[in-house]
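Asks:
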Amino acid sequence: MSPSSSIAAEPGAVPAPDEHHEHHPSYLVDGTTVKSWLLTLDHKRIGVMYLIWVLLFFLIGGIYALVVRLELLTPGPTLIDAMTYNRAFTMHGVVMIFLFMIPAIPGAFGNFMLPLMLGAKDVAFPRLNLLSLYLLLTGAVIAIWGMINGGMDTGWTFYTPYSTHTTTTVAPILFGAFIIGFSSIATGLNFIVTTHTMRAPGITWWKMPLFVWAMYATACIQVLATPVLGLVLLLVVGEHIFHFGIFDPAQGGDPVLFQHLFWFYSHPAVYIMVLPAFGVMSEVVAAFSRKNIFGYRAVAFSSLGIAFVGFFAWGHHMFVSGQSTFNAGVFAVLTMLVGVFTAIKVFNWVGTVYKGAVDFKTPFAYFCGFLYFTVFGGMTGVAFATASLDVPWHDTYFVVAHFHFIMVGATIMAFMAAIHYWFPKMFGKMYHEGWGLVSAALIILGFNATFIPQFLLGNAGMPRRYYEYPERFETLNVASTAGASLLAFGFLISAIYLTYALVYGRRAASNPWRSRGYEWMTESPPPTHNFVGPQPTYSEEPHFYVEPKKAEVPDAV
Amino acid sequence: MNELLNNILFLPEQASTFAERVDNLHYFVVSVTMLSSLAVGTAAVFFFFRYRKRKPNQTTEYVVPSVKTEFLFVSLPLFFFLTWFVIGFRDFVFVSTPPKDAMDVYVMGKQWMWKFSYPEGPNGVNVLHVPANRPVRLLITSRDVLHSFFVPAFRIKMDAVPGRYTQTWFEATKPGTYQILCTEYCGLSHSKMLGEVVVLSPEEWDAWVKEQRKGALQNRQDALADLSLEPHPARMAEQGQKVAAEVGCFKCHTVNGEPHIGPTFLGMYGRTETLDTGRDIRVDEAWITQSMMDPGAHLVAGYPNVMPTFQGKLTGPQTAAIVEYIKTLRTPDIRTGASQGPTYEPIQ
Amino acid sequence: MQSSPATAGAAGVPYRPQVAAHFASLEVQNHAARLGMWLFLATEILLFAGLFVIYANYRFLFPEAFALASRELNLNFGTFNTLLLITSSFTAAMAVHYAKEAQNKKVVGMFVLTILMALGFLVVKYFEYEHKFHEHQLPGPYYAFPGLTLPGASAYFTIYFLSTGLHAFHVIIGMIVLGWVTLKAMRNEFSHHNYTAVELGSMYWHLVDLVWIFLFPMLYLI
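As they're listed, the protein sequences go chains A, B and C. Just so we're aligned, residue 1 is where the first sequence starts under the UniProt record's numbering, counting upward by one. Just so we're aligned, residue 1 is where the second sequence starts under the UniProt record's numbering, counting upward by one. Just so we're aligned, residue 1 is where the third sequence starts under the UniProt record's numbering, counting upward by one.
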């Protein structure tokens, strides 16, 4: 008996028990040579490789973050000189954004889950998928080569004319980011085509899991925004080498034009980072409160809405750059709309819990942290969009705290939740629940302890990217650094018990959460071609936990 | 109340008219954020306990929001956000629109110091002297890379962009010394690009100006002054006249009202000119600066496009000095009030 | 793109395209390939859109210099190149038409014509560039043309070289793509079952043409 046939008899029910099919080995053991991994076209293996690499990049970015925080422990020079510090915060930003935040959830979990959730055997273009991984790695190697050979001190925003004049290794790092852009475009393109063409019979647009909707919206941004970044990075590299003067005022160039083009990508890029997180959380909250998403279409539409409006909000990064007052007003209102769409999501997530059956497992703990960080990060974002509050806050630690709340708070919470929620799906092993909750608590506390002081520092007026600071900011900086070490400790614990679980963990059941997400309708870990036998039939909507009223087979429990 | 909130939020003291306005919005936004997130949080925590899982494979009801609920989800945040926007944008227009009677100070950022020049007075490095209770307009530019002029106590900030002037203004409410910080990353010593605004009471201000005019620079500015910079004469307009003669402006522009190869400087500032495109413009600092840097961009009708660019030939202060010199050549009959902003028209 | 099978049909035997294992049917596979191509073209348009924005910005800042600088380009060469590219788009479209009718020889012929015209375009472009180098009408600090000293003239030539250079790069890529499709046509691969590769190749070529149709008035005419 194959699991899918039992699902066919009982729509939306938990798949059949964990049976081992010798002729359908799981993707993990189907081919064990190094080549079978490195040149695989299987979306699941590519997803796992993405996961490994982005975790490595996260480690590198995290080390830079700790260096920055340690340097800021005292008002004067603490650990490193100013040049090293400037390089450290730049590299922290570049690595975290281009090598971790942007590829993390789409690359690792999008690749793994999207075809499973759509009932497909693979993404539409498996070779392009593999290429996107290697493009990412090529870009990473070039960028890291640049980092080792001097690093860059412009800040991750590469503002001209500083970035075209500095003597640090701007060219290889920006060129690396340029190549990473192609990787991002390839992933996005692949996901859009997959969503359009690879849906299994029975999965209509309005039956797609919300993670798929979020990935679809993300992919649209990746495809449409990244080329502009590519052009801008290329121009800055060109300027740095040949001094064309396109962005250099000394030659009649316009530095503010650079900012417009840069933020035309980089503001939507924020949603490339955060929309996948929203998608993950829509899955997690439904699975762990055992309820259909409250307002499914509202959540799906709001993802598209954020993706759309996100393209027209970039000017709010330039309220104090000499932009006209009228421009500022238009961009401010459009930015508010992003806040409204996010609010719709937040209310619907809370509504999902209403009349649910909450199972407070580690992913759900991360959901709680996520909800909190999203509300505060989002509301401070809207506060920035009032334009007048942006004037004192712009480029201070308030901005730093705000975008860390969203980008780190929300996205990393989702990333951690995704790892924990899909760990049994991906590896067929179970981690230790108790340690999971402990490290989740530490990470959430650590984030707060790191970034709440930074909000206050911003209020007090401490500008970002400061190597030394006036003494009145010292207390809050010490608090922030202390929080950062707590955070690092939390991540260390997760790394330990997850690695342990990977090797020694007890074998997980096929669907340990009894989740009714579509990706659980096959075995864990899935066989190479995802589904054995005929396609499963799909319930009314993903995460449909309603008691089957006219069920022919009585409910098992 | 304000005092308490300021302490909780770690806000610096309020020392300008804008600070009071923006802080009021800040309190409002913070309170709404706290209350609404408290509501969302309480609801969430209540649900977590009330609807906890009771049996392993529990099924649940199918609950979907009514249209009314969805409408509430959209309209409630939208209402608050738009309210914030209305208040915030009103204040933003306030801070972007200098009053007509504002005193002008030219600010130039360079790696890694601030230079201040007064149209009819002295210059300063890293220390800006201003009178209390009088609006001061800052015309900001940069000599090298981007900088940003930030005074936390005044809550004002404006980028210094090389090649163009940006403006902001403030009205300090109490005498004292306030820190200036650079908030746009500008290289190695970005964090050391600090300065001070010294707000003087009217009497102190008059005394200070008098002392400066005497040329007795016996204050802290001397110690801070960067010796590598060119020496500045006391009066910017005089300097401007000197520079204009040196670089050859008078070969084409007269100062007695007669048209020559180029339009006369006499009464140029504040005059309404018709451009070759047919558009009418009022001559202001921005137009004069642009005409020096890119003469062909907005040509006055009837004059040939023969003027060479002075981009790169004039330094920021020299440009500012020439602008100030031209401003002194206003004829009484066309002099209309205070100087007009060089950048953007206010929206009202 | 994905529809390229590993094995080629022997001459004379009708070629049956393979469906990759993860696709439900050939229609789905072709639909996916076409959609993927459209999305890719969208990214290309966004890439050039960035350059158009830069052009618009500097045209606004230096209208006089840009108007005069554009007079420095050789309008005859530009017009000739435009005609060449439009004609090459026509032959590329004809290739799709013949591919549907399985007339692989004519597909080869049409694509060879297209590639020759592309080559012609590049040759003309080479002479244009050579003239610009000779006159020192070069980007940024390398600009030393005595005939036009207005500020902004160097910016015009920066943008000119950037956009035409990027476009020429696309022409070369397009030639490689079309060359590859021509090789497949030589092996008699195309029929009404299987002409996606021809269609996608010529879609890409149309984009290259379309970009030029925007670049030509932007740089040469206005």
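Virtual Cβ for every residue (Gly too), placed ideally from N, Cα, C.
In chain C, what lies closer than 7 angstroms to Thr309 of chain B by C-beta?
Replies: The answer, in chain order, is Pro151.
Asks: Thr362 of chain A and Gly436 of chain A - do their beta-carbons sit closer together than 8 angstroms?
Replies: Closer than 8 angstroms, so yes.
Asks: What in chain A is Cβ-close to Ser37 of chain B, meaning under 8 angstroms?
Replies: In chain order: Tyr372, Val375, Phe376 and Met379.
Asks: Going along chain A in order, which residues have a C-beta closer than 7 angstroms to the C-beta of Leu219 of chain C?
Replies: Under the 7 angstroms cutoff, chain A gives no residues; its nearest Cβ is about 16 angstroms from Leu219 of chain C.
Asks: Of all the options A:Ala440, A:Ala82, A:His24 and A:Phe57, which has the alpha carbon lying nearest to the alpha carbon of Tyr467 of chain A?
Replies: The shortest C-alpha separation from Tyr467 of chain A is found at A:Ala82.
Asks: Classify Val123 of chain C as buried or exposed, calling it buried when 16 or more other Cβ atoms lie within 10 Å of its own Cβ.
Replies: Exposed.
Asks: Roughly how many angstroms lie between the CA atoms of Met198 of chain A and Lys35 of chain A, to the nearest whole one?
Replies: Distance between the alpha carbons of Met198 of chain A and Lys35 of chain A: 27 angstroms.
Asks: Can you tell me whether Leu183 of chain C is buried or exposed, with buried defined as 16 or more other CB within 10 angstroms of its CB?
Replies: Exposed: under 16 other Cβ atoms inside 10 Å.
Asks: Mark Glu327 of chain B as exposed unless 16 or more other C-beta atoms lie within 10 angstroms of its C-beta, in which case mark it buried.
Replies: Residue 327 of chain B is actually Lys in this sequence, not Glu. Buried, by the Cβ-count rule.
Asks: Determine whether the beta carbon atoms of Leu137 of chain A and Trp53 of chain A lie at a separation below 8 angstroms.
Replies: Yes. Within cutoff.
Asks: Residues of the segment 273-294 of chain B with a CB closer than 8 angstroms to any CB of chain C: list them in chain order, please.
Replies: Taking 8 angstroms as the Cβ-Cβ cut-off against chain C, the residues of the segment 273-294 of chain B that qualify are Met293 and Asp294.
Asks: Buried or exposed for Trp314 of chain A, please, with buried defined as at least 16 other CB atoms from any protein chain shown within 10 angstroms of its CB.
Replies: That one is buried.
Asks: Residues in its own chain within less than 7 angstroms of Tyr303 of chain B by CB, not counting five upstream and five downstream?
Replies: Cβ neighbours of Tyr303 of chain B beyond the five flanking positions: Gly262 and Pro263.
Asks: For Phe62 of chain C, return the contacting residues in chain B, with the cut-off set at a CB-CB distance below 9 angstroms.
Replies: Those within 9 angstroms of Phe62 of chain C in chain B are Asp294, Gly296 and Ala297.
Asks: How many Å lie between Gly369 of chain A and Ala418 of chain A at the Cα?
Replies: Distance between the alpha carbons of Gly369 of chain A and Ala418 of chain A is about 13 angstroms.
Asks: Here's the rule: buried if 16 or more other CB atoms are within 10 angstroms of the residue's CB, otherwise exposed. What is Glu230 of chain B?
Replies: Note that Glu230 of chain B scores a pLDDT of 41, beneath 50, so its modelled location is shaky; the value from the coordinates is reported in the next line. Exposed, since its Cβ has fewer than 16 Cβ neighbours within 10 Å.
Asks: Check whether chain B comes within 8 angstroms of His317 of chain A, counting only Cβ atoms and requiring the distance to be less than that.
Replies: False, the Cβ-Cβ gap to chain B never drops below 8 angstroms.
Asks: Can you name the start and end residues of the alpha helix (DSSP H) that Asn477 of chain A belongs to?
Replies: Where Asn477 of chain A is concerned, the enclosing alpha helix (DSSP H) stretches over Glu474 to Tyr504.
Asks: Please confirm whether Ala102 of chain B and Val350 of chain A have their CB atoms less than 8 angstroms apart.
Replies: Not in contact: Ala102 of chain B and Val350 of chain A (Cβ atoms no closer than 8 angstroms).
Asks: Determine the direct distance from the alpha carbon of Leu75 of chain C to that of Tyr220 of chain C, and round the result to whole angstroms.
Replies: Taking the straight line from one Cα to the other gives about 6 angstroms.
Asks: Given this structure, state the Cα-to-Cα distance separating Ser191 of chain B from Leu138 of chain C, to the nearest angstrom.
Replies: One C-alpha to the other measures close to 39 angstroms.
Asks: For Pro178 of chain B, name the three-state secondary structure that DSSP assigns.
Replies: What sits at residue 178 of chain B in the sequence shown is Tyr, not Pro. Reduced to three states, the DSSP call for Tyr178 of chain B is strand.
Asks: With Pro103 of chain A and Thr194 of chain A assumed to form a contact (beta carbons below 8 angstroms), what rounded beta-carbon distance in angstroms separates them?
Replies: Not really, about 17 angstroms apart at Cβ, beyond 8 angstroms.
Asks: Closest Cβ-Cβ distance between Val353 of chain A and chain C: below 8 angstroms?
Replies: Cβ-Cβ to chain C under 8 angstroms: no for Val353 of chain A.
Asks: Could you tell me which whole beta strand (DSSP E) segments of length 3 or greater appear in the segment 139-211 of chain B?
Replies: The qualifying runs are 147-151, 156-160, 166-171, 176-182 and 195-200.
Asks: Please state if the CB of Leu68 of chain C and the CB of Leu166 of chain C are separated by a distance shorter than 8 angstroms.
Replies: No, Cβ-Cβ distance for Leu166 of chain C and Leu68 of chain C is not below 8 angstroms.
Asks: Is the Cβ of Met203 of chain C closer than 8 angstroms to any Cβ of chain B?
Replies: No, Met203 of chain C lies away from the interface with chain B (no Cβ there is under 8 angstroms from its Cβ).
Asks: For Lys115 of chain B, which of helix, strand or coil comes out of DSSP?
Replies: Strand, per DSSP.
Asks: Hey, Pro453 of chain A and Leu476 of chain A: beta-carbon distance below 8 angstroms or not?
Replies: A contact, by the Cβ cut-off of 8 angstroms.
Asks: Going by beta carbon distance, what residues of the same chain come within less than 8 angstroms of Phe154 of chain B, once the five residues before and after it are set aside?
Replies: Closer than 8 angstroms at Cβ, skipping near neighbours: Ala15, Ser16, Phe18, Ala19, Phe170, Ala172, Tyr178 and Val197.
Asks: Out of A:Ala177, A:Thr411, A:Leu174 and A:Asp153, which has the shortest C-alpha to C-alpha gap to Thr168 of chain A?
Replies: For the residues A:Ala177, A:Thr411, A:Leu174 and A:Asp153, the minimum Cα distance to Thr168 of chain A belongs to A:Asp153.
Asks: Skipping 5 residues on each side, what residues in its chain have a beta carbon closer than 6 angstroms to that of Gly240 of chain B?
Replies: So the list reads Ala321, Ile322, Glu324 and Tyr325, once near-sequence residues are dropped.
Asks: Return the residue from the list B:Gly278, B:Ser189, B:Met293 and B:Lys210 that minimises the CA-CA distance to Met113 of chain B.
Replies: The residue with the shortest Cα to Cα distance from Met113 of chain B is B:Ser189.
Asks: Do we get a CB-CB distance below 8 angstroms when we pair Leu231 of chain A with the residues of chain C?
Replies: At least one chain C Cβ lies under 8 angstroms of Leu231 of chain A.
Asks: Whole angstroms is fine: what's the gap from Val136 of chain B's alpha carbon to Tyr372 of chain A's?
Replies: Approximately 42 angstroms, taken between the alpha carbons.
Asks: Count the other C-beta atoms from every protein chain shown that fall within 10 angstroms of the C-beta of Phe111 of chain C, then say buried if there are 16 or more, exposed otherwise.
Replies: Looking at its Cβ environment, which holds 16 or more other Cβ atoms inside 10 Å, Phe111 of chain C is buried.
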